Every structure is written in structure tokens, then in C-alpha cells.
Amino acid sequence: MDPKERIKELREKINYHNYRYYVLDQPEISDYEYDMLMRELIELEEKYPELKTPDSPSQRVGGEPLKEFEPFTHVVPMLSLANAFSEGELRDFDRRVREAVGDVEYVVELKIDGLSVELIYEKGIFTVGSTRGDGIVGENVTQNLKTIKSIPLRLKDDVSLVVRGEVFMPRASFEKLNEEREKLGESLFANPRNAAAGSLRQLDPKVTAKRDLDIFIFNLQKIEGRKFKTHIETLEFLNEQGFKIIPIHKKCSNIDEVIKEIEEIRNLRDKLPYDIDGAVVKVNDLEKREILGQTAKDPRWAIAFKYPAERKKTKVLDIIVQ
Ligand SMILES: NC(=O)c1cnc(OC2CCCC2)nc1N
Numbered sequence: 066m067d068p069k070e071r072i073k074e075l076r077e078k079i080n081y082h083n084y085r086y087y088v089l090d091q092p093e094i095s096d097y098e099y100d101m102l103m104r105e106l107i108e109l110e111e112k113y114p115e116l117k118t119p120d121s122p123s124q125r126v127g128g129e130p131l132k133e134f135e136p137f138t139h140v141v142p143m144l145s146l147a148n149a150f151s152e153g154e155l156r157d158f159d160r161r162v163r164e165a166v167g168d169v170e171y172v173v174e175l176k177i178d179g180l181s182v183e184l185i186y187e188k189g190i191f192t193v194g195s196t197r198g199d200g201i202v203g204e205n206v207t208q209n210l211k212t213i214k215s216i217p218l219r220l221k222d223d224v225s226l227v228v229r230g231e232v233f234m235p236r237a238s239f240e241k242l243n244e245e246r247e248k249l250g251e252s253l254f255a256n257p258r259n260a261a262a263g264s265l266r267q268l269d270p271k272v273t274a275k276r277d278l279d280i281f282i283f284n285l286q287k288i289e290g291r292k293f294k295t296h297i298e299t300l301e302f303l304n305e306q307g308f309k310i311i312p313i314h315k316k317c318s319n320i321d322e323v324i325k326e327i328e329e330i331r332n333l334r335d336k337l338p339y340d341i342d343g344a345v346v347k348v349n350d351l352e353k354r355e356i357l358g359q360t361a362k363d364p365r366w367a368i369a370f371k372y373p374a375e376r377k378k379t380k381v382l383d384i385i386v387q
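Count along the sequence shown from 1, add 65, and you get the number used in my numbering.
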């Protein structure tokens, strides 16, 4: 087989096995077999450098350390979320929505406690990723995002789209990182969100690559050549394209079901391997979202329900015990 063909075949195999391992958590081959595929790809790309392309899975931990991050203006402004802290406030939100667009279906999702990013794909290739910043302009952190194995470098179809997701660090990885830092006498991260932000905003991608970051995609911001009716349809489409989407996204027919789902999520919070700080309630019908529109910074078609901060053992408590 000619090298161009073999390189193409190896890339497809490696991208597929990355998807199986990092997105579905259902690997089909052993780490050894995976490493052999990657080694053959790297050798072929070294032998034929003209065939090496930035979207190759061998280029995930590429790039030299940056001097600074380039500012990047988002394709779609990254809105923030209004908060609700009680059932009453959720019902007020529901009343406002129904006054404007009549009865609606909602989708209730986990609210991952990480940092929001925008990912741009042109004809199926991951081209630019950026942090939220002020919602209009963020930082271009593409090289660092490429080290996150659950971010596909190439989609199933050659489609151009923009998605939004939450980068996070699993709690176990956070604790291990702080243990290592404590041994080295380095400052500790206060929580997984800070650790994720600090790791994503490293100027050296090789450092980011070691930090075990992960991502859940939760919004299709923009797409060329396709139209969807509902949010749930977009999540199913993104999942088929190879994204790791927000794992709990329950369709609810009314605010009573929303309130029940929010309670369900609160009860499983401690069992999740990552931090959540609440649940997000979204209108499912995309046309009704358009009618509802947004305020200066928040959509009128979504709200975050925040749980009280988790009761954590505080250092003060340790001192008292001592
Ligand atoms: N942290 C999360 O998990 C999360 C954050 N934001 C949103 O949706 C916002 C985005 C645009 C308006 C609604 N969904 C989420 N699941």
C-alpha cells in the first residue's frame, strides 16, 4: 500500500479508537495495539514529512510553548446564564417563558463546574478553540485543547460547525495533581475548576497534556447546511459526529418534571466523578428560543439552578480537630 494510503488508514483507525476509548469509554483494542498504530503513523510521517497535516492524531501534543495567548473573537457570543436558587424562581422562569411562547418542553442538563470553551470545525476539521473570556473575546487555546483526547480532531462528516462545551478535571485527577504539587512544595489548586482553568491556560501544551482534562459538549452554536428543530436533536447529532456530549440531558414536559429531575441530579451529585454546581434548564424547541431571544448577556430560554456549595471538610475543621 502506498504511504499516503496507509497514513490515511492509520489516522482513521486511531481516530476511531480514540473515540471508542475517550468518548464511549469502550475500547476495542489493547493499549499495546493502539500504541503500535500510533508508532507506525509517526514513523511514516517522519519518513514522508510532506504528508504530515495538523489534523493528524499524531499532532495532538504538538506545538512549541507560546509566549502568550492570542485574543480570539467568538463566532457566536458565549452567553452567560441567569441563576435560580429556589423552586419559586424556577416557576417564575417557566411563567415568563410560557407567557411569551406558550407551553414548552424543557431539557434539564448537568451544570459541569469547569470552564466554557468554543470549538470551531471547518469541513469536519477542528481548527480553533477558545476560552470564554468576556463572552465576546476569549483566548485562542487551540494547541492545548487538541491534547484533550475526547475532543475529535476530525468529525464523522465534513461539516462546518461551532460547538460549546465545558472543560473540566475529574476530581480524582485533581486530588492526584495536588498531592504531586504538595510533594514538590508547589501551590495547590483550590478546586477542580481552578485546576482545569490553570491547566488549559498553560503556555506549554506538553504541560496541559499531562493534566488529564476532559470535556462535555452542551450546545450547537452554529452549523452550515443543516437545520434542527430541537436541542435534543442537536445533541444526538453531535454525539454521532464523535463529540462527548453532556451525559445527563433529560426532556421534561413541564416545570414539575424539571423540578423532579433537578432533585434527581442533586441526589447523584456526590457519586459523579466530576464537580457540578447545579443543573441547567433549557427550552427544547429551537424556534421558540429564537422568539424568546436574550437579554444583554443571558438567554431568556435557559436558566441555571444552583445547588448550595458542597459541604467540604474545611482546613479550619482540621485545625480544631488537631
Ligand atoms: N456548565 C454546563 O454544564 C453548562 C453551561 N451552559 C449551558 O448552557 C448555556 C450556554 C448558552 C446558554 C445556556 N449548558 C451547560 N450544560
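Note that the Cβ used here is the ideal one computed from N, Cα and C, for glycine as well. Fair warning: this is a prediction, and the values are worked out from it, not measured in the lab.
*State the beta-bridge partners of N148 as determined by DSSP.*
A369
_Rounded straight-line distance, which links the Cα of G179 to that of R258_ = 5 Å
_Cβ shell of R229 (< 6 Å), same chain only, five flanking positions each side left out_ = E183, N284 and Q286
_Any heavy atom of ligand 1 inside 7 Å of the beta-carbon of V25?_
Limits of the chain in this structure are 66 at one end and 387 at the other, which puts residue 25 out of reach.
*Does the distance from the C-beta atom of P217 to that of G307 stay below 8 Å?*
yes
_Looking only at its chain, what residues have a beta carbon closer than 6 Å to the beta carbon of Q91, apart from the 5 residues adjacent to it on each side?_
R85
_Same chain, Cβ closer than 8 Å to I385, five either side skipped, listed in chain order_ = The predicted model places I385 with a pLDDT of 44, which falls under 50 and marks its position as unreliable; any figure quoted below should be read in that light. Around I385: no qualifying Cβ.
_Member of Y339, I320, D321 and K316 whose CA lies at the smallest distance from the CA of E174_ = K316
*Under 7 Å from any heavy atom of ligand 1, does the C-beta of L175 make it?*
yes
_First through last residue of the beta strand (DSSP E) which encompasses I341_ = I341 to V348
*With a CB to CB cut of under 6 Å and the five nearest residues on each side skipped, what residues in its chain are close to F239?*
P257 and A260
*Quick one: complete beta strand (DSSP E) runs, 3+ long, within the stretch 155–235?*
171–177, 180–187, 190–196, 202–204 and 226–233
*By the 10 Å Cβ neighbour count, where 16 or more other Cβ atoms means buried, how is R160 classified, buried or exposed?*
exposed
_Beta-bridge pairing of T295 - partner residues as DSSP gives them_ = D350
*Is the Cβ-Cβ distance between D223 and K188 less than 8 Å?*
yes
_Using a 10 Å radius around the Cβ and a threshold of 16 neighbouring Cβ atoms, would you call P68 buried or exposed?_
exposed
*Could you check the C-alpha separation between D277 and P235 for me, to the nearest Å?*
8 Å
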